[in-house]
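Protein chains in written order, with the numbering used here: chain A, 69 to 312; chain B, 7 to 427.
These notes concern the structure reproduced below.
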Amino acid sequence: MIHQDVKRYLVVFVITLALFVTTLGVSSFFSKRKLENIKTIQDQIGIDIMSSETQFQLLQELSCKDVAANTLSDTLNDLADKIAYSEQNIKNTDEVTELKRYYSLLEIKDYLLMQKIKAKCGTTVVPVFYFYTTAEKCSECIKQSAVLTELRRDYPEMRVYSFDYNLDLSALQSLIKIFKVEDTKLPALVMDEKLYTGFQSIEDIERAMPQIIKMREKRLKAEASAKALQELEAKTLEAKNLKN
Amino acid sequence: MDGAREILFYAFSFVSLYVQVFFLIVFLQKRKDLLVRTEKIQLPNYPAVTITVPAYNESHNIEKTVKSLLEMDYPKDKLFILIIDDGSTDNTWQVMQQYVNNPQIQLFKKENGGKYSANNLGLEKSTTPFVGSLDSDSMVHPESLKRIMTYFFDASVMAVAPTILTYKPKTIIQRAQSVEYDFSIYVKKMLSFVNAIHVTPGPFSIFRSTVFKQIGPYRHAHNTEDQEIALRMQENHMKIEHAPDAFVYTISPPGVNGLYRQRLRWIYGFIKNTIDYRHLLFRRRYGNIGFITLPSGIVSILSVIFLLFFTLYNIVSFLWNKVLALSATGFTLHPETVKLDWFYVPTSAILFLTILVYLAVFNSLFIGQKIKSGKIKLSFNIILFFFVYSIVAPFWMMKAIYNALLGYQSSWTAERDARGI
Numbered sequence: 069m070i071h072q073d074v075k076r077y078l079v080v081f082v083i084t085l086a087l088f089v090t091t092l093g094v095s096s097f098f099s100k101r102k103l104e105n106i107k108t109i110q111d112q113i114g115i116d117i118m119s120s121e122t123q124f125q126l127l128q129e130l131s132c133k134d135v136a137a138n139t140l141s142d143t144l145n146d147l148a149d150k151i152a153y154s155e156q157n158i159k160n161t162d163e164v165t166e167l168k169r170y171y172s173l174l175e176i177k178d179y180l181l182m183q184k185i186k187a188k189c190g191t192t193v194v195p196v197f198y199f200y201t202t203a204e205k206c207s208e209c210i211k212q213s214a215v216l217t218e219l220r221r222d223y224p225e226m227r228v229y230s231f232d233y234n235l236d237l238s239a240l241q242s243l244i245k246i247f248k249v250e251d252t253k254l255p256a257l258v259m260d261e262k263l264y265t266g267f268q269s270i271e272d273i274e275r276a277m278p279q280i281i282k283m284r285e286k287r288l289k290a291e292a293s294a295k296a297l298q299e300l301e302a303k304t305l306e307a308k309n310l311k312n
Numbered sequence: 007m008d009g010a011r012e013i014l015f016y017a018f019s020f021v022s023l024y025v026q027v028f029f030l031i032v033f034l035q036k037r038k039d040l041l042v043r044t045e046k047i048q049l050p051n052y053p054a055v056t057i058t059v060p061a062y063n064e065s066h067n068i069e070k071t072v073k074s075l076l077e078m079d080y081p082k083d084k085l086f087i088l089i090i091d092d093g094s095t096d097n098t099w100q101v102m103q104q105y106v107n108n109p110q111i112q113l114f115k116k117e118n119g120g121k122y123s124a125n126n127l128g129l130e131k132s133t134t135p136f137v138g139s140l141d142s143d144s145m146v147h148p149e150s151l152k153r154i155m156t157y158f159f160d161a162s163v164m165a166v167a168p169t170i171l172t173y174k175p176k177t178i179i180q181r182a183q184s185v186e187y188d189f190s191i192y193v194k195k196m197l198s199f200v201n202a203i204h205v206t207p208g209p210f211s212i213f214r215s216t217v218f219k220q221i222g223p224y225r226h227a228h229n230t231e232d233q234e235i236a237l238r239m240q241e242n243h244m245k246i247e248h249a250p251d252a253f254v255y256t257i258s259p260p261g262v263n264g265l266y267r268q269r270l271r272w273i274y275g276f277i278k279n280t281i282d283y284r285h286l287l288f289r290r291r292y293g294n295i296g297f298i299t300l301p302s303g304i305v306s307i308l309s310v311i312f313l314l315f316f317t318l319y320n321i322v323s324f325l326w327n328k329v330l331a332l333s334a335t336g337f338t339l340h341p342e343t344v345k346l347d348w349f350y351v352p353t354s355a356i357l358f359l360t361i362l363v364y365l366a367v368f369n370s371l372f373i374g375q376k377i378k379s380g381k382i383k384l385s386f387n388i389i390l391f392f393f394v395y396s397i398v399a400p401f402w403m404m405k406a407i408y409n410a411l412l413g414y415q416s417s418w419t420a421e422r423d424a425r426g427i
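Structural data, given as structure tokens:
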């Protein structure tokens with residue numbers, strides 16, 4: 069082997085390494101952007117929750133109409149989806165774990181706020197606590213997540229607070245203690261403050277929380293009458309225009 | 007487990023990328039020496055050459071093969087053809103009789119002993135300073151021999167390998183192979199630039215006859231005598247060149263089974279010959295053959311197998327999760343929930359590395375096409391190539407490893423039966 073060959077091996081190694089590292093860097097850049105996106109959503113939610121809490125503390129009363137406008141269902145759901153996606157697809161586990169800790173805290177704060185709102189304005193959302201594990205393969209958890217995603221779509225009144233059981237967060241550990249959730253019985257759901265362990269089907273959940281069905285019917289009825297009213301208004305406007 | 011899988015993926019990607027970058031650097035350094043002639047050429051002198059055509063049950067193909075040799079643009083008094091019937095059980099010998107009065111051709115019949123033995127008979131009977139062979143399922147381009155012989159004006163060149171192309175690819179499998187052969191033109195030329203060719207293909211590699219006098223005749227070599235002789239030459243520091251414009255057209259296997267059998271023999275031969283010549287590995291005095299060609303061959307076998315399992319694992323996990331979810335919720339269609347958020351665009355390192363390696367492979371393929379025909383062609387055959395090879399190749403590679411471990415010899419006869427020859 070001649071000197072030129074050795075030199076070529078080294079040059080090729082440096083170029084390959086540069087290409088390799090650049091590719092990993094590009095991927096890492098996108099992952100970071102995604103995690104930043106989650107962080108931004110979380111910050112927004114954090115501000116919204118804090119704002120509502122502050123309003124509560126300042127005025128001791130908050131118009132129930134404003135509360136309805138403040139419900140964070142869509143944003144929370146979007147966040148939940150992104151956190152779930154990141155758990156599976158983004159390998160920067162430390163950062164994802166950090167975001168999950170923040171997310172879990174936001175969920176608990178949101179729950180506490182919702183409790184206050186419930187006391188003042190009656191039931192606006194029905195909380196469901198969902199505990200899963202990522203420490204081991206949990207096919208029941210995959211099934212449970214799918215069921216909850218499906219239900220969340222059908223029942224916007226239901227607010228799912230999902231928690232990675234093994235997350236190191238003292239507030240979460242308190243919640244686990246309060247509900248007496250055991251790590252050997254995951255997935256676990258808390259519905260109407262009652263603990264259910266193992267997989268719960270759509271029907272099981274509907275049975276455990278019959279109020280969501282009633283709330284849904286009420287919402288559908290309200291939506292139908294709003295639609296009818298809108299149509300009536302449109303027709304009246306049309307008739308008026310014709311007359312003119 | 008996940009971590010180990012990923013580390014393996016990164017390791018294989020790095021080595022694959024390293025090899026592709028290596029070829030690219032060689033290409034950039036040596037592209038001025040790349041000789042591709044499209045016009046007819048004249049040689050200052052025409053050395054005498056003997057071509058052996060070993061034939062076993064080749065009654066259907068041999069006429070085409072011999073015709074292509076006779077039509078080559080080379081002085082008739084300098085080109086000798088020895089057709090050797092290697093104990094055929096069909097009427098090959100009868101078909102050969104039409105050449106009995108041709109002064110350029112000599113006919114021989116022997117007991118069946120395998121291709122290497124027929125080639126060795128050819129070596130025994132030849133008296134010319136240059137010798138070669140042509141498999142009886144292959145045809146040569148009229149200019150090929152002249153183009154090859156120009157390389158021998160360099161006294162250090164001891165053998166020249168041609169460029170093999172598929173003859174009139176028709177079936178899906180043949181069209182997929184045609185892409186692989188285009189790819190090989192580039193790889194082989196780059197290897198020749200760094201003196202690291204590990205195979206002088208049966209179809210029309212030409213040698214100085216002194217090669218065999220110095221290092222001995224062909225050996226059985228696990229039915230891949232063309233690999234073994236090249237490795238033996240490398241062991242003896244004999245230079246092997248590659249003529250990218252010396253085209254030989256070979257009838258490639260038309261079906262999956264034939265391709266599987268052929269590649270099983272090639273890969274089995276590669277593994278066994280690499281074991282036999284393991285003393286060439288990572289030894290400075292043997293140069294690039296031991297540092298690039300043989301290790302990259304071994305890594306490519308392992309990585310193709312790994313990639314199959316890696317992909318299968320990912321597909322099965324994905325489908326399993328979907329099945330689990332569907333078993334819990336039943337099938338529901340929610341078109342309104344399709345997310346058009348950039349967040350969900352896959353940007354994993356594994357995906358980007360896969361794209362990078364594939365781009366490098368495409369680059370090699372396009373340079374191969376450019377060398378062959380002067381232009382780049384984006385054809386459907388490329389998709390067929392990736393599809394067929396990524397599915398079938400891991401199986402012949404796994405079987406070859408299995409056979410090599412247990413010492414099961416690959417069979418020429420089974421391959422020929424599968425190819426319908």
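C-beta atoms are modelled at their ideal positions from N, C-alpha and C, and glycine is treated no differently.
Being a predicted model, the structure only gives us computed values, none of them experimental.
Sorted by chain position, which residues of the same chain lie with C-beta nearer than 8 Å to B:Leu286's C-beta, five sequence neighbours on each side aside?
Leu237, Gln240, Glu241, Tyr292, Ile295, Gly296 and Leu300
Among B:Val59, B:Tyr80 and B:Val310, which residue has its Cα nearest to the Cα of B:Lys70?
B:Val59
Using a Cβ-Cβ distance cut-off of 8 Å, determine whether B:Tyr283 contacts chain A.
no
Taking the alpha-carbon of A:Tyr223 as reference, which of A:Ile210, A:Pro195, A:Thr201 and A:Thr84 has the nearest alpha-carbon?
A:Pro195
At least one CB of chain B closer than 8 Å to the CB of A:Glu218: is that the case?
yes
Are the C-beta atoms of B:Thr95 and some chain A residue less than 8 Å apart?
no
Strictly below 7 Å CB to CB, what residues from chain A border B:Tyr350?
Tyr153
Can you pull the chain A residues whose beta carbon is under 8 Å from the beta carbon of B:Ile31, in chain order?
Arg76, Val79, Val80 and Ile83
Does any residue of chain B bring its CB to less than 8 Å from the CB of A:Ser230?
no
Nearest-angstrom Cβ-Cβ length linking B:Leu34 and B:Val146, presumed shorter than 8 Å:
About 31 Å; that fails the 8 Å criterion.
Tell me which same chain residues have a C-beta within less than 6 Å of the C-beta of B:Ile111, skipping the five on either side of it?
Ile87 and Tyr105
Is the beta carbon of B:Thr216 less than 8 Å from the beta carbon of B:Ile235?
no
Less than 8 Å between the C-beta atoms of B:Ala249 and B:Pro148, yes or no?
no
Cβ shell of B:Ile322 (< 7 Å), same chain only, five flanking positions each side left out:
Looking at the sequence shown, residue 322 of chain B is not Ile but Val. So the list is empty, once near-sequence residues are dropped.
At the level of alpha carbons, what is the spacing between A:Phe247 and A:Leu144?
22 Å
Within 10 Å of its beta-carbon, does B:Pro109 have 16 or more other beta-carbons around it, so buried, or fewer, so exposed?
exposed
How big is the Cα-Cα spacing for B:Thr177 and A:Cys209?
48 Å
Give the straight-line distance between the Cα atoms of B:Ile407 and B:Gln375, rounded to the nearest whole angstrom.
31 Å
What's the C-alpha gap between B:Glu12 and A:Ser95?
15 Å
Closer than 6 Å by C-beta to B:Leu359: which residues in its own chain qualify, once you throw out the five before and the five after it? Chain order, please.
Ser19
Hey, is B:Ser354's beta-carbon within less than 8 Å of any beta-carbon in chain A?
yes
Cross-chain neighbours of B:Ile20 in chain A, by beta carbon under 9 Å
Strictly speaking, residue 20 of chain B in this sequence is Phe, with Ile absent from that position. In chain order: Thr84, Leu85 and Phe88.
By the three-class DSSP mapping on this structure, what secondary structure does A:Asp232 have?
strand
Would you give the residue range spanned by the alpha helix (DSSP H) that B:Tyr255 belongs to?
Where B:Tyr255 is concerned, there is no enclosing alpha helix (DSSP H), although the beta strand (DSSP E) it sits in stretches over Lys245 to Thr256.
Mind pulling the chain A residues with CB within less than 7 Å of B:Phe358?
Thr91, Val94 and Ser95
Using a Cβ-Cβ cut-off of less than 9 Å, give me the residues of the segment 247-275 of chain A that come near chain B, in sequence order.
Phe267, Ser269 and Ile270
Using a Cβ-Cβ distance cut-off of 8 Å, determine whether B:Ser334 contacts chain A.
Looking at the sequence provided, one finds Ala at residue 334 of chain B rather than Ser. So, interface residue.
Between B:Leu362 and chain A, is there a C-beta pair that is closer than 8 Å?
yes
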